[in-house]
Ligand SMILES: [Zn+2]
Ligand SMILES: [Zn+2]
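In the working numbering, the protein residues as written are 1272 to 1928.
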């Protein structure tokens, strides 16, 4: 090749032509450096150049990085496909594969890459686990497959896929495990180390850039054998990937909502298909999409119906809050208080769950009714009493906790409305003054270490009662947990978007899965004002199947995913009038075929103002056979919105705010 198309890790939708200098031989996938703007940039040879310009007018490639293997065809096809599917620039996708600049620089941070398979311990698996592990192992090295490993909480799913990893490690290849919240993987890493005798490479946003470089080098060269990471780890250029595991596949945090919008679980399916390798999706509460695909026979299914070691699933009980006599300003019902006190007196541990950070979600003036709203967003400022601040949870705008009302000047009339975890801990101290209590929320944990210390303290039973947001719902194994109290089981149902019921069910079910994992039989108490809601009834009956079936039928009636596909368009900008006009023009220019698609909106977004921008939303619902990405791209490319307006596409949206 004399001229090559080089894709750069920038926001460009396509590559640029460069000349191949004398004495250099390049092929597709090679990693190179090229002059770009005023400096140099890394890039990847994407194919032959278009040769639209005379050779002397285009710049030459400056260097070839031969110490790294080229990006294979499957990887480049995956990047092309992911950019197409998500209506995102190809360069932005490549940036996730090449997230570092100085790739040749010798890493000072050492990453552990040697693996001695003789150190891998044999696990004591039950018959059901052995069968499940064998089914997964059977897929390795046999091309593309997706298997849903569906097992109740505490059934030992991790040990099962660890077995598959051990099997895959026998050959010289790489394994990727995606976890939803890497910050919560401390217990996971410990279990991994105990089983395998080495630490896998951890890839997430909080690792230092030096560590990132060494890790990337080890991954690209194929030296990193097991990589565990958050969603962005999916896009790295593994040299010889043999297996991908997506743990807690239903988790919402797999959806990347800023920058390039994509769903890492769905992209993992695509990558496995391009690279012809097996993918394992793991969950106790599979997403409706994965459940449906398994039922349709598109995914293989491996189930673990019982808890490991004969532990019983926790009982779920409803506390009807319409009948609970609560004192004003308190949120824990008398019955739940009593159960918590009994459990702790008997030497067990308990958890209280409330998905609200801070002290109270709203501060109100009782003299004039003034509510503290964020000046940049359509949302209330959340009171964080421990920090003496009001904080906007959408844009992080902060002010000092006021002493008087800015509207009427009244003093001592400001009232905190509703509970947050901070306020809950205050209430707990009033009825369990002796209990050792800790609060775990993303903003109450100042560091990774503090978080891991809290988890360790809970595991070692130095905490009686752990209060927390959804951070406490995921994956943890606390052997002596007898009671889980859900302060506001209805919270997730408010707002009522497409997935509200599914999400609430998953969250509450996962939470209940924390209880009674060993000798104690756990009990989960759900405080609800909607005890008749199908989600609550399914949780009490422990009938997951009935819930999923009912939810699927409801989706089919409404022709919602997985029976159709959705794409959201968000129009935003600082000038209200211009944003509205652009959104209307966009809708008027819709090329959507009327027989297979429906356009909803434009409508002001529920979060109408965000960080000072006004927002409108449009929602496309399309039949399964419609080529949504091409339709969307054609539609938007014909638009010429004013420079102050941004139009974003969110394929398969999870959030409707
Ligand atoms: Zn006032
Ligand atoms: Zn705000």
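Even for Gly, the Cβ is constructed at its ideal location relative to N, Cα and C.
These numbers were taken from a predicted model, which means no experiment stands behind them.
- Residue 1502 and residue 1473 have their alpha carbons spaced roughly 12 Å apart.
- Contact annotation: residue 1925 and residue 1523 have beta-carbon atoms nearer than 8 Å.
- With a beta-carbon spacing of about 6 Å, residue 1432 and residue 1551 fall inside the 8 Å limit used to define contacts.
- Those residues having their beta-carbon less than 5 Å away from any non-hydrogen atom of ligand 2 are, in chain order, 1645, 1647, 1648, 1663, 1665, 1666, 1668.
- Closer than 7 Å to some heavy atom of ligand 1: that describes the Cβ of residue 1638.
- One Cα belongs to residue 1596, the other to residue 1618, and the distance between them is close to 28 Å.
- Among the bridge pairs identified by DSSP, residue 1892 is matched with 1837, 1869.
- Contiguous alpha helix (DSSP H) elements confined to the region 1357-1404 occur at 1361-1368, taking only those with 4 or more residues.
- Here residue 1464 is exposed, its C-beta having fewer than 16 other C-beta atoms within 10 Å.
- Between ligand 1 and the CB of residue 1641, the shortest heavy atom gap is smaller than 7 Å.
- Annotation: the region 1765-1847 contains the following complete segments of the beta strand (DSSP E) (minimum length 3 residues), in chain order: 1794-1799, 1836-1844.
- Runs of beta strand (DSSP E) with 3 or more residues, each lying fully within the region 1518-1585, are found at 1549-1554, 1571-1575, listed in chain order.
- Spatial neighbours of residue 1319 in its own chain (CB-CB distance under 8 Å, excluding positions within 5 residues in sequence) are listed in chain order as 1272, 1274, 1275, 1276.
- Judged by beta-carbon spacing, residue 1542 lies beyond the 8 Å limit of residue 1525, meaning their Cβ atoms are not closer than that value.
- The bridge partners DSSP lists for residue 1497 are 1446.
- Note that the C-beta distance between residue 1509 and residue 1490 is below 8 Å.
- Shown here, residue 1490 sits in a helix according to DSSP, grouped into three states.
- One thing to note: residue 1736 has its Cβ no nearer than 8 Å to the Cβ of residue 1760.
- Across the set 1323, 1554, 1520, the C-alpha of 1520 shows the shortest separation from the C-alpha of residue 1539.
- Ligand 1 approaches residue 1681 closely enough that one of its heavy atoms is under 7 Å from the residue's Cβ.
- Secondary structure note for residue 1655: its beta strand (DSSP E) is the uninterrupted segment 1653-1655.
- Here residue 1741 is near residue 1626, since their CB atoms are less than 8 Å apart.
- For residue 1678, the shortest separation between its Cβ and any heavy atom of ligand 1 lies below 7 Å.
- A direct Cα-Cα distance of roughly 47 Å separates residue 1739 from residue 1859.
- The continuous beta strand (DSSP E) containing residue 1307 extends over residues 1302-1307.
- Spanning the alpha carbons of residue 1292 and residue 1358 requires a straight line of approximately 34 Å.
- By the criterion of at least three beta-carbon pairs nearer than 8 Å, the region 1366-1376 is not in contact with the region 1283-1291.
- Nearest to residue 1340 by alpha-carbon distance, out of 1278, 1862, 1299, is 1299.
- Residue 1679 is classed as exposed because its beta carbon has fewer than 16 other beta carbons within 10 Å across all chains shown.
- Shortest Cα-Cα distance from residue 1891 to any of 1634, 1882, 1482, 1866 involves 1866.
- In its chain, beyond the 5 residues on either side, 1415 have a beta carbon closer than 8 Å to the beta carbon of residue 1544.
- In the DSSP annotation of this structure, the continuous segment of the beta strand (DSSP E) that includes residue 1917 starts and ends at 1916-1922.
- Not one heavy atom of ligand 1 is found less than 7 Å from the C-beta of residue 1674.
- The Cβ-Cβ distance between residue 1799 and residue 1894 does not fall below 8 Å.
- For the 8 Å CB-CB criterion, residue 1553 and residue 1420 form a contact.
- Secondary structure at residue 1879: strand, using DSSP grouped into helix, strand and coil.
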